[in-house]
Amino acid sequence: MSRLAVVCGGSRGIGEVVSRLLAERGCRVAVVSRNQEAAQAAVASLHGADHQAFSCDVSKEQQVQETFERIQKTCGNISYLVNSAGINRDALLLRMRPEDMVAVLHTNLLGSMLTCRAALRSMLRTQGAAIVNIGSVVGLKGNAGQCAYSASKAGLEGFTRSLAKEVASRNIRVNLLAPGTSQKHSLCMFYPFPVLCHPIPPCSLGFIHTDMTAGLREEAGARSIPLGRFGTPEEIAQAALFLLEASYVTGQVLVVDGGLQLAM
Ligand code: NDP
Numbered sequence: 001m002s003r004l005a006v007v008c009g010g011s012r013g014i015g016e017v018v019s020r021l022l023a024e025r026g027c028r029v030a031v032v033s034r035n036q037e038a039a040q041a042a043v044a045s046l047h048g049a050d051h052q053a054f055s056c057d058v059s060k061e062q063q064v065q066e067t068f069e070r071i072q073k074t075c076g077n078i079s080y081l082v083n084s085a086g087i088n089r090d091a092l093l094l095r096m097r098p099e100d101m102v103a104v105l106h107t108n109l110l111g112s113m114l115t116c117r118a119a120l121r122s123m124l125r126t127q128g129a130a131i132v133n134i135g136s137v138v139g140l141k142g143n144a145g146q147c148a149y150s151a152s153k154a155g156l157e158g159f160t161r162s163l164a165k166e167v168a169s170r171n172i173r174v175n176l177l178a179p180g181t182s183q184k185h186s187l188c189m190f191y192p193f194p195v196l197c198h199p200i201p202p203c204s205l206g207f208i209h210t211d212m213t214a215g216l217r218e219e220a221g222a223r224s225i226p227l228g229r230f231g232t233p234e235e236i237a238q239a240a241l242f243l244l245e246a247s248y249v250t251g252q253v254l255v256v257d258g259g260l261q262l263a264m
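Take the sequence shown: its letters are residues 1 to 264, numbered as in the UniProt record's numbering.
Written as C-alpha cells, this is what we have:
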C-alpha cells in the first residue's frame with residue numbers, strides 16, 4: 001500500500017502545495033485543518049484517490065488525539081507528518097493581548113508537539129517515517145513586532161532537535177523547515193522611525209506568497225531579499241519533500257529564504 005502522509009494546515013498555502021506534491025508522488029494524503037470544507041476542497045483537487053479530509057484544531061489536545069485515532073483507523077499507519085498549521089497575530093509586545101500570545105503559542109508550538117505525539121505510535125509501525133515541522137527564519141533571528149510568533153518558531157527548533165534525538169533509534173527522522181521572513185527589513189523597512197512610536201503594519205512579515213502574507217507590500221519586501229523576490233509555496237513545498245525523503249538527515253534546520261538571512 002502507498003505511504004500515508006498527514007499534512008496539518010494542508011487546506012491552504014504551503015501545506016496545500018505539500019499535499020499536492022505528495023499526492024503526485026503516489027502518497028495517500030490526510031489533509032487536516034479547522035475548516036472541514038476547505039480541507040475537503042483541497043482533497044478534491046489532489047491527484048489520485050484515497051485522500052481524506054479531517055477537521056481538527058491542532059491546538060486542542062482532545063481534538064488532536066481523536067483525529068489521529070480516526071486517521072489511523074480509516075487510513076492506516078502514518079509514514080509522513082508535515083506540521084504546516086500556523087497563525088500570526090503580529091503586534092509590538094507592549095500592544096499585544098495575552099490571549100493572542102496564547103493563541104499563537106498554542107497553535108504554532110503546542111499544536112506541532114501534540115500532532116507529533118499523536119502520530120508517533122503509528123509511525124513506529126512504518127519504515128522510514130519522517131516529520132517536517134514548519135518554522136520560520138523569524139524563529140532563528142527574531143523580529144520586532146513578532147515576539148510571540150518568533151518565540152513559537154524558536155520553540156519549534158528546540159522541540160525538533162530534541163524529538164529527533166528521542167526517536168532516531170527507531171529510524172524516525174524529524175527536521176525543521178524555516179521559510180524566509182525578514183527581521184530588520186520589516187518594521188524598520190516599512191517605518192523609518194523608532195518602532196515603538198508606530199503601529200505595526202497590518203501584515204505578516206513572511207515572504208512566501210500565501211494567505212498569511214497577502215497584505216505585505218511586495219516591492220519593498222522583495223528589495224531586501226538577495227534573490228530579489230518573494231518565494232513561492234512550491235519552493236517551500238519542494239524543500240519539505242526533500243526533508244521527508246532525505247533518509248540520512250535528522251535534527252536539522254533547513255532555511256529556504258532566497259538568501260534573506262545573509263542580509264539580516
Ligand atoms: P496559511 O495561512 O496560508 O495557511 C495556514 C494553514 O494552517 C491553513 O490550512 C489553516 O486552515 C491551518 N490552520 C491554522 N490554524 C490551525 C489550527 N489551529 N488547527 C489546524 N489547522 C490550522 O499559512 P502559510 O501556508 O503561509 O504558512 C504555513 C506555515 O509556514 C505556518 O506555520 C507559517 O507560520 C509558516 N511560515 C510561512 C511563511 C510565509 O511567508 N507564508 C514564512 C515563514 C513561515 P484553517 O484556517 O482552516 O484551520
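Beta carbons are placed, not taken as given, at the ideal position from N, Cα and C, and that holds for glycine.
Inset, instruction - Kindly examine ligand 1 and report whether one of its heavy atoms sits closer than 7 Å to the Cβ of Thr213. - result: In the sequence shown, the residue the question calls residue 213 occupies position 213. Within the cutoff, so yes.
Legend entry - Distance between Glu16 and Glu166 (C-alpha atoms, nearest Å): Working through the sequence shown from its first residue, we reach residue 166 at position 166. Working through the sequence shown from its first residue, we reach residue 16 at position 16. Cα-Cα distance, rounded: 29 Å.
Legend entry - Reduced DSSP category for Gln127 - H, G, I as helix; E, B as strand; rest coil: Along the sequence shown, one-based indexing puts residue 127 at 127. If DSSP states are grouped into helix, strand and coil, Gln127 belongs with coil.
Inset, instruction - Whole angstroms is fine: what's the gap from Asn133's alpha carbon to His106's? - result: For this step, residue 133 is matched to residue 133 along the sequence shown. For this step, residue 106 is matched to residue 106 along the sequence shown. Answer to the nearest angstrom: the Cα atoms are 15 Å apart.
Inset, instruction - Taking all protein chains shown into account, decide if Asp211 is buried (16 or more other Cβ within 10 angstroms of its Cβ) or exposed. - result: For the purposes of this step, residue 211 is taken as the residue at position 211 of the sequence shown. By the 16-neighbour rule on beta-carbons within 10 angstroms, Asp211 is exposed.
Inset, instruction - Could you name each continuous beta strand (DSSP E) segment of 3 residues or more that falls completely within the stretch 19-104, going from the start of the chain to the end? - result: With a minimum length of 3 residues, the continuous beta strand (DSSP E) runs that stay inside the stretch 19-104 are 28-33, 52-55 and 80-83.
Legend entry - Chain-order list of residues whose beta-carbon lies under 7 Å from that of residue 267 (same chain, five-residue window excluded): Outside the displayed span of the chain (1 to 264) sits residue 267, for which this structure offers no information.
Inset, instruction - Pull up the DSSP beta-bridge partners for Cys8, would you. - result: Within the sequence shown, residue 8 is the residue found at index 8, counting from 1. Answer by DSSP bridge pairing, in chain order: Val32 and Asn83.
Legend entry - Through-space distance from Met264 to Met101, alpha-carbon basis: Sequence index remark: in the sequence shown, residue 101 carries index 101 (1-based). Sequence index remark: in the sequence shown, residue 264 carries index 264 (1-based). If I take the Cα positions, the gap works out to 25 Å.
Inset, instruction - Would you mind working out which of Glu234, Cys8, His51 and Arg3 sits nearest Met123, comparing C-alpha positions? - result: Looking up residue 123 in the sequence shown gives position 123. Looking at the Cα atoms, Arg3 is the closest of the given residues.
Inset, instruction - Using only the heavy atoms of ligand 2, determine whether one of them is closer than 7 Å to the beta carbon of Ile225. - result: Absence of ligand 2 is noted for the structure shown, with ligand 1 being the only ligands found.
Legend entry - beta-carbon Ile14 near ligand 1 non-hydrogen atom, thresh 7 Å: Start at 1 with the first residue of the sequence shown, and residue 14 comes out as number 14. Relative to the non-hydrogen atoms of ligand 1, the Cβ of Ile14 comes within a distance shorter than 7 Å of at least one.
Legend entry - Host alpha helix (DSSP H) of Val138 (start-end): To locate residue 138, count along the sequence shown from 1; it is residue 138. Note, Val138: alpha helix (DSSP H), Val137 to Lys141.
Inset, instruction - Count the other CB atoms, across all protein chains shown, that sit within 10 Å of the CB of Pro199; report buried if there are 16 or more and exposed otherwise. - result: Counted from its first residue, the sequence shown places residue 199 at position 199. Unreliable positioning characterises Pro199 in this predicted model, as indicated by a pLDDT of 42, which lies under 50. A coordinate reading is not provided.
Legend entry - Cβ pair count under 8 Å reaching 3, the stretch 109-116 against the stretch 83-90: As far as the Cβ criterion goes, the stretch 109-116 touches the stretch 83-90, which means the pair count is three or higher.
Inset, instruction - With Ala246 as the anchor, note down where its alpha helix (DSSP H) starts and where it stops. - result: Counting from 1 along the sequence shown, the entry for residue 246 is found at position 246. Here Ala246 belongs to no alpha helix (DSSP H), and DSSP marks it neither H nor E.
Legend entry - Delimiting residues of the alpha helix (DSSP H) encompassing Arg161: Position 161 of the sequence shown, counted from the first residue, corresponds to residue 161. Its alpha helix (DSSP H) spans residues Cys147 to Val167.
Legend entry - Residue span of the beta strand (DSSP E) that contains Asn175, given as start and end: As a first step, residue 175 must be located in the sequence shown, where it is residue number 175. Following the DSSP letters along the chain, one finds Asn175 inside the beta strand (DSSP E) bounded by residues Arg173 to Pro179.
Inset, instruction - Take the Cβ of Pro233 as the centre, count every other Cβ of all protein chains shown within 10 Å, and call the residue buried at 16 or more, exposed below. - result: Counting from 1 along the sequence shown, the entry for residue 233 is found at position 233. It is buried - the Cβ of Pro233 has at least 16 other Cβ atoms within 10 Å.
Legend entry - Where Cys197 falls: helix, strand or coil (DSSP): Here residue 197 is taken as the residue at index 197 of the sequence shown, counted from 1. Confidence at Cys197 is low in this model, with a pLDDT of 39, below 50, so the placement of that residue is unreliable and no value is reported for it.
Inset, instruction - Using only the heavy atoms of ligand 1, determine whether one of them is closer than 7 Å to the beta carbon of Pro98. - result: The residue you call residue 98 lines up with position 98 of the sequence shown. No - ligand 1 has no heavy atom lying nearer than 7 Å to the Cβ of Pro98.
Legend entry - Validate contact between the stretch 91-98 and the stretch 42-49 using beta carbons, cut 8 Å, 3 pairs: no
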